[in-house]
Structures are given as C-alpha cells and as structure tokens.
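First up is the structure itself, then whatever we jot down about it.
Protein chains: 2
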Amino acid sequence: MHTSWPTAQAGAVSVVSRATDSAGGGTPIAAAADLGDQLTVVTIRDVAREAGVGIGTVSRVLSGHPAVATETRRRIEATMQRLGYRPSPVARALSRRRTDILEVILPSFNPHRYVEVLRGIEEAIVATNYALIVRSVERGSDPKRILLDAGAHDRVDGILLASLTPTDRLLDLLAERRMPIVLVDCTHPRLPSVIADYDGAAVVVAHLRILGHRRIGVLNRPDEPWGSVKACGRSTAYRLAMEAAELPFDPAYHLSRDDSAEGGRSALEHFLGLPEPPTAVAAASDMQAIGVLDGARRHGRAVPDEIAVVGEDGIEFASYLDLTTVRVPMRAMGCLGARMLLGLIEGESPPVGPLRLPVDLVVRGSTRRPSDD
Amino acid sequence: MHTSWPTAQAGAVSVVSRATDSAGGGTPIAAAADLGDQLTVVTIRDVAREAGVGIGTVSRVLSGHPAVATETRRRIEATMQRLGYRPSPVARALSRRRTDILEVILPSFNPHRYVEVLRGIEEAIVATNYALIVRSVERGSDPKRILLDAGAHDRVDGILLASLTPTDRLLDLLAERRMPIVLVDCTHPRLPSVIADYDGAAVVVAHLRILGHRRIGVLNRPDEPWGSVKACGRSTAYRLAMEAAELPFDPAYHLSRDDSAEGGRSALEHFLGLPEPPTAVAAASDMQAIGVLDGARRHGRAVPDEIAVVGEDGIEFASYLDLTTVRVPMRAMGCLGARMLLGLIEGESPPVGPLRLPVDLVVRGSTRRPSDD
DNA sequence: CACTTGATTGGAACCGGTTCCAGAGCATTG
DNA sequence: CAATGCTCTGGAACCGGTTCCAATCAAGTG
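Here the protein sequences line up with chains X and D, keeping their order.
Going letter by letter, the first sequence gives residues 2 to 374 in this note's numbering.
Going letter by letter, the second sequence gives residues 2 to 374 in this note's numbering.
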C-alpha cells in the first residue's frame, strides 16, 4: 500500500456513503465519499465537534452512562449514525485496561471435546461482547512456550485451560500476571475448575458389576501432557469405585494410552496378554473404545460376549457402533467454565474446589452379560 | 531455567521472576513485587528512564529497528529484563493500527471440518505472532448479526470465512470496512478463496462408473446457510462429471439435505422411493454417508451390493465403517487460506479466482460392483 | 578548517478511547 | 439574596505504545 500521498486531510471524513441529500442541511465539515484509497476514521472527537458537545459527553453516551440529558443523547446518537461512527475496541481496551477478549487453550487431538468445549464457551459469551481467542495444543507441543505466549500481558482478560493440567512451575509463572484462569476438564488445587463428576466411574463399575463382570480393565488417557499434577483422577475414581463394589483391584488392569484408536488397540493387546484378561474394558474416550472394538474384532473376540467395552465422551458415532459410553457434558462444562471466568473478571471470588457436573451412562450393545465366567 | 532473552523481536515476552538481587542496583522506580493488590505496569517510559535513554530508542529496540547502537541495545534489553518489562499488545495495536489478530467464522455443525480448518489456520500462524479469534456459527443463526459483529472496526486485521458463503448484500456491508477477507471451502466472485477441487466429482464418478454404476444419487449439503450465491458448485461438478462419463443426468438424483446422519437417512428414503433408485450414492459428507449406510441397513439394503455409498471429508471413523470417501484437505485449505489472508494484510494483491486443492479418493468396502443391473 | 554526510538518539505528537474534576445552570432552602 | 445541592457538561490528562523530525556527534571531504 502506498501511503506516500498527502494525508493531511484536515476535517473529519465519514466512511458512510452518505445518501446524496439535495437539501444542503448542516454537515459543514463531513465531506463524505472521498477518494477510494483514503480511509479515514471517524473518532469520538469528530462526533463531539459535529454534535456540538464535548468528548466526555460522547463517551458517556457510548458507555451508557446515565448522566446525559435525553435530548443531548439523542442528538449525539444521530450524529454518530450520520457520520458512520464506530468505536474502536482497541482504544477502549487501552484506556479501560480491559480487552473484552477471553482466551482458551485446549488440545485439538480429541475433536469431540474440542468442538463441544468451544461451543459451550461461545454459548456463554454470545450475549456478552467478549470475543474468544483460541489456541490449540497439538500433541507434544511445548507447554511452556504456549502458556507464556498465552494472554501476553494484557491482550486478554482471562484464560480458560481445557483438558490440560498445568504444572506448578508454569502456574507460578502465570500467577505473576494476576490473570484470571479457570480450568475445564481438569483440576488443580490452586485454580477454580469445572470437571465431570467421576462418580461416573461408579456408574460404569456398577453397570458392569451387575452384568457379572469382575475383571475390569481401566484405560486412561495419559494424564498430563503438561504436568506433574494428577489430572482428573479418573484412575483413582475407578479404583475407589471398584473397591466400593468389592471387586479386586489389580494395577495390571489399569493402564494409560494415547487418546486415539491406536491407543485403544494397543491397550487391548496388553489386556489380552494378561494371564487373566479383563472381561470388560472402560476406555477414557470413545475413540479409544473404538480402537478396543477394532482390536477385539481383529483378535476374533466377540463384543460384548467375550469382552465388553465402555467408551467415554458420547460422540455421535458411538451410537452407530452400538457402543456403550459415558456421556460427558463437555459443552456445559465449557459454558460454566466461561461463566465462572467472567465472574472472576468481574471480581467475584473463585468457588472453593472444582465444580462437578454429572455424567450420563448410555447403555448400548457393547456391554452385555459375559458368556464365560 | 531462565529463558534466553529473545533478541529484539517484537512479541518478546518477559516474565522475569525477579530474583532477590542483593546488590541494590538502580531500580528506584519500578519496585516490582509490590503490595499484593497493587499491580504496577512497567512501561516503555520506565525502561527508558532506567536505561538512561529516550523512549524512541526503547521502541526501536522493541520493534527490531536496526538503527540502534549495539551497546545501547544491550543495555536496554538488560533493563527490560531487570524490570520485567512486557510490551502491551493493545497499546501497540492502537498506534500501529494493527491488532495482530485474525478472525475466523465457521459453522460448528461439521466437527471434522471445524477442527481441521482451525488446525490448518493455527499451523499457518503459529510462527507469527498473530492470535486467532474464533466465532462459530450454529445452524440457523443470524448471518447478518454475526458478520457485522465480526471484526468490529479494527479489532482484527482480517477475516477468514469458512464453509459459509456470504450474500452479496452482506458483502457490501463488509466492503465498507476495507477489511481483508478470504473464503475457505466456499467461493464468491468478489473474494479470494481456497476450495477443494471438485474434480473430485470426476474421480468419484469414474470410480463408480468403472464399477458399473449408471444411476448415481448425488447428495449435497444445503449450499448456502447464508447466501443466495451458489457455494462450491459441487452439484454442478457432479452433473458435468456425469455428462463427461456419458451417464444420464436426472435432477431427481440430485438433492440437498442437512449435513447430518439424519440428512443422509432422509436422502436415502427419497432415493429408495424413486421408480429406479440409484445404485450408488455420493454424499456431501461422511456424516451424511453414515446416515445413508444406516438407512440402508434399516431398509435391508446390502452395502455395497445393493447400494454403494461414497462419503466426503475423510474422517477417521469412515475407516471403521469401511466407507469409501473423498478425503478433503481441510487442514491444508485452512492453512493456505490463512497464509493468503496474511498476504493480503501485508498488501499483496489477491490471486485471481479460487485456489483449488486436490482431493483424494479413498476406496473402501462401501463401493463394489453392484449385483443387479 | 568549514561543510557535508550518516549514524544514533530524544521526545513531542499522535493513535482513539475513558476518567475525573471543575464548572455551569437551575431549583430549592434558610 | 446567599447558600446549598443536583444534574449535566467540557476537556485535560491519561492508557502504553509508534512515528517522525530535529538534534548531536564523529567521520569524511574539498
């Protein structure tokens, strides 16, 4: 763009394609419809001058301050419209020290959760005038770089961290910025969070127990791509649920694999290699469960007769594969997390402990009474 | 553990946990780590004063301007680090009239495309210091409100519109803002775009033709949730492909349904109700194709023997359902679209006509020589 | 030696809002 | 009539950067 042309346009110029009003009314200054390349911005000062008021008054109208006479307000609003004035979010952000932008950081490798969380967050902010900056984390990306880049200084008003547990050290770094942070689908003792209630584990175990299963393989996601802190404690929840159901606990039945079909397949291999393979597998995601189903098919193990499978997430495809699953309300979690974050920004104090949302067991054909045992 | 100080790059982020330096150096002003609630911002002026230079010089160091003596630069960088200075993106945005933020608007109801496009965009901007604002569109939301909200004034530097064809009227409104826009997965004569090459249609038709199919049902997405303008011309592409393959063209075999499994089921119902049902269906998405598969199962039609099915997208689940599909490089499209947008922002002139990326036919068990005919 | 040149530097002005204080206008009160 | 209080208004100062012009100084030139 060549801007070397004389730009010393004195008066304010509107961007509006002002209707060709023949009756030469007021508007002494605003000579609209200027040359194509010359884009001029209408500022609050232009509006003030045009409307014959002070900038303070215009600003008051903008931000809905009550102390403006109705007549004045009307005149200013008319002027704004006439000049095609549109306020600058950036200028506003600079002086208010508020950008009206949130940021969410989340892994993209579980597309279902990814989309649902984003939907939930947008649901929460759609009625506000917040915008949402998204930063996706691929497998194996550097957490430090991402978190430090995140919300650089004052670019955003708050951060949502979804399905990613920060390490204590990263948290220390973030804490310096005094930036509100809410965790979604993971927890940390020092941060407010929204998680799925892993009493879901109890429901799954109860379901399998009633069907007669006694050896349940628990497949987890690798807990912390980012941290030393235990993520949602899903594994623990299952152990407790099994103890409560008076089932034997065997660490060999608990393992952690990538959140992918491949991870599920690999887990099944491992389970089948045990002297006493589990008769049921509770996967940490539907994708993993699909891998388990696939592995079972390859090894000629009938589902659910030889091995039952439970997924988690509640993706639409699960129904086509007749997969029993734990439906996790990711959307609601995103929504509530965002609401919580908005509250923090407004100065509310964070709730103590994580907010737990109930999950939902959807029973389908992949779990049935096992034939053996 | 100290991050090496990034050399004179703009987005430099300093998060120095000021070590308790016993040697009481200078720092008369910036008393970091002050009282709990009082957060002090280190500005460029503080740095200038501390380093004994002018603000212009500090700014020059910040933006990597070459005309700074090495010694001075070093001193300023040291001072920045010592004070824990971090530049304000908002202030920078205000004075440069560049926010370094892009915005993408896209429908969330095809999760696969949604995620892949976002991944592609992030891939394009990860090495830059752009951030990405995401605005999802649900089915049936008001296009006008969304587009007008979008990129309000100067909040963002450019907009990506994915899988959403704007109407001419909306475009007029947007044009006023002189904001760079790139379309992804849709086209418009007045805007640069990146689309999948619908010679994919030719590949599909050829594939089915070789298998012996002569009546091919073409299932489309409702073309334009937003506009009067024809979207990618997928239907036309199929018509042309079929004409080229010397297959009869019958409008009854072309229809449009929701991009969902339900849409696929409904389409299949329609096709089966025809006097001569097609022997193959080319769906506009894998989700639709899954609905077709499901509908076929319910109606007791064997796939692929009685009816062949081709999907589109290339979602992972397609392989588990043994679904032949056209893999669309959404990620690459997002990436190239973003690159193109960055180019536009830099002042490059938009390419003429849409950029077309090749698609990829993945043949699986849902297409095989039909038994009848 | 006076003059030109180029490298480096300082800082006022500006980007477009918000905030806050002083002040104007007017009615009410003592 | 002066004092008080209230509503509404104007605009300087500020938010934290960038930009650009003028100034300084050392080196080079005739």
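Every residue, glycine too, gets a C-beta built ideally from N, C-alpha and C.
Quick one: residues in its chain with C-beta nearer than 6 Å to the C-beta of residue i, no 5 flanking neighbours on either side, listed in chain order?
i	result
Arg76(X)	Ala52
Pro355(X)	Thr188, Ser194 and Ile196
Phe272(D)	Gly218, Pro278 and Pro279
His113(D)	Asp314 and Ile316
Cys336(D)	Gly121, Glu124 and Ala125
Pro305(D)	Ser367, Thr368 and Arg369
Leu36(D)	Low per-residue confidence applies at Leu36(D): pLDDT is 38, beneath 50, and the placement is therefore not dependable, though the value from the model is reported in the following sentence. Within the same chain, Leu36(D) has no close Cβ partners at all.
Ala319(D)	Asp287, Gly312 and Thr326
DSSP three-state label for residue i, please.
i	result
Thr237(X)	helix
Pro190(D)	coil
Glu117(X)	helix
Ile147(D)	helix
Asp314(D)	strand
Glu104(X)	strand
Ala70(X)	coil
Thr58(D)	helix
Arg136(D)	strand
His255(X)	strand
Ile211(X)	helix
Gly159(X)	strand
Gly344(X)	helix
Ile308(X)	coil
Leu337(D)	helix
Against residue i, what residues of chain X qualify as contacts under a CB-to-CB distance less than 7 Å, listed in chain order?
i	result
Tyr115(D)	Val116
Ser64(D)	Neighbours of Ser64(D) on chain X: none; closest Cβ ~15 Å, over 7 Å.
Ser60(D)	The contacting residues do not exist; Ser60(D) stays about 16 Å from chain X at best.
With a CB to CB cut of under 7 Å and the five nearest residues on each side skipped, what residues in its chain are close to residue i?
i	result
Leu149(X)	Leu174
Tyr254(X)	Arg216, Ile217, Gly218, Val219 and Pro279
Ala20(D)	Its pLDDT being 32, under 50, Ala20(D) is placed unreliably in this model, and the value from its coordinates should be taken loosely. None.
Ala285(X)	Leu220, Asn221, Arg222, Arg235, Asp260 and Glu313
Gly55(D)	Ala49
Glu117(X)	Met331, Arg332 and Gly335
Asp155(D)	Arg98 and Thr100
Out of the options, which one is the CA nearest neighbour of residue i?
i	options	result
Ala262(X)	Gly234(X), Asp295(X) and Ala245(X)	Asp295(X)
Thr80(X)	Met334(X), Val59(X) and Ile196(X)	Val59(X)
Leu171(X)	Gly274(X), Arg191(X) and Ser286(X)	Arg191(X)
Val138(D)	Pro330(D), Phe250(D) and Leu162(D)	Leu162(D)
Ala309(X)	Ile211(X), Val183(X) and Asp361(X)	Ile211(X)
Leu241(D)	Glu313(D), Gly338(D) and Ala202(D)	Ala202(D)
Asp198(D)	Val69(D), Val43(D), Gly344(D) and Glu313(D)	Glu313(D)
Ala297(D)	Val135(D), Gly315(D), Gly274(D) and Phe318(D)	Gly274(D)
Arg302(X)	Asp287(X), Ala283(X) and Leu269(X)	Leu269(X)
Ile182(D)	Asp251(D), Val105(D) and Ser257(D)	Val105(D)
Ser109(D)	Arg332(X), Val293(X) and Pro352(X)	Arg332(X)
Asp101(X)	Ala319(X), Tyr131(X) and Val360(X)	Tyr131(X)
Asp200(D)	Pro359(D), Val364(D) and Arg365(D)	Pro359(D)
Gly292(D)	Ser267(D), Pro276(D) and Ala281(D)	Ser267(D)
Ile346(X)	Leu119(X), Ile160(X) and Ser89(X)	Ile160(X)
Asp169(D)	Arg258(D), Lys145(D) and Ile45(D)	Lys145(D)
Could you tell me which chain X residues have their CB closer than 8 Å to the CB of residue i, listed as they occur along the chain?
i	result
Ser137(D)	Leu119, Arg120 and Glu123
Ser236(D)	In chain order: nothing, as chain X lies at least about 26 Å away.
For residue i, return the contacting residues in chain D, with the cut-off set at a CB-CB distance below 9 Å.
i	result
Ile134(X)	Ile102, Ala132, Leu133, Ile134 and Val135
Asp47(X)	The premise fails here: Asp47(X) is roughly 14 Å from chain D at the closest Cβ pair, so nothing lies under 9 Å.
Ser350(X)	Under the 9 Å cutoff, chain D gives no residues; its nearest Cβ is about 13 Å from Ser350(X).
Could you name the residues of the same chain whose beta carbon sits closer than 8 Å to that of residue i, not counting the 5 residues immediately before and after it, in chain order?
i	result
Gly26(D)	The predicted model places Gly26(D) with a pLDDT of 34, which falls under 50 and marks its position as unreliable; any figure quoted below should be read in that light. Once the five neighbours on either side are set aside, the close Cβ partners of Gly26(D) are Arg83.
Val364(D)	His208 and Thr325
Met341(X)	Val183, Pro193, Val195, Pro351, Pro352 and Leu356
Listing by chain order, which chain D residues have their CB less than 8 Å from the CB of residue i?
i	result
Ala262(X)	Glu317 and Tyr321
Ser367(X)	Correct list: empty, because the minimum Cβ distance to chain D is about 13 Å.
Gly223(X)	The sequence given here places Pro at residue 223(X); Gly does not occur at that position. The premise fails here: Pro223(X) is roughly 19 Å from chain D at the closest Cβ pair, so nothing lies under 8 Å.
So with CB distances below 9 Å, who are the chain X contacts of residue i?
i	result
Ser286(D)	Near Ser286(D) there are no residues of chain X at all, since even the closest Cβ is about 12 Å away, more than 9 Å.
Strictly below 7 Å CB to CB, what residues from chain D border residue i?
i	result
Pro144(X)	Near Pro144(X) there are no residues of chain D at all, since even the closest Cβ is about 13 Å away, more than 7 Å.
**Request:** Would you list, in chain order, the members of the region 289-315 of chain X that have their beta-carbon closer than 7 Å to a beta-carbon of chain D?
**Result:** Ile291 and Asp295
**Item:** Residues in the region 80-94 of chain D having any Cβ partner in chain X nearer than 9 Å
**Value:** Gly85, Arg87, Pro88, Ser89, Pro90, Val91, Ala92 and Ala94
**Prompt:** Mind listing which residues of the region 155-168 of chain X have their C-beta closer than 7 Å to chain D's C-betas, in chain order?
**Reply:** Asp155 and Arg156
**Item:** Selection of the region 239-266 of chain X by Cβ proximity to chain D, strictly under 8 Å
**Value:** Ala262
**Message:** Please list, in chain order, the residues of the region 171-194 of chain X that have any C-beta partner in chain D closer than 8 Å.
**Reply:** Asp173, Leu174, Glu177, Arg178 and Arg179
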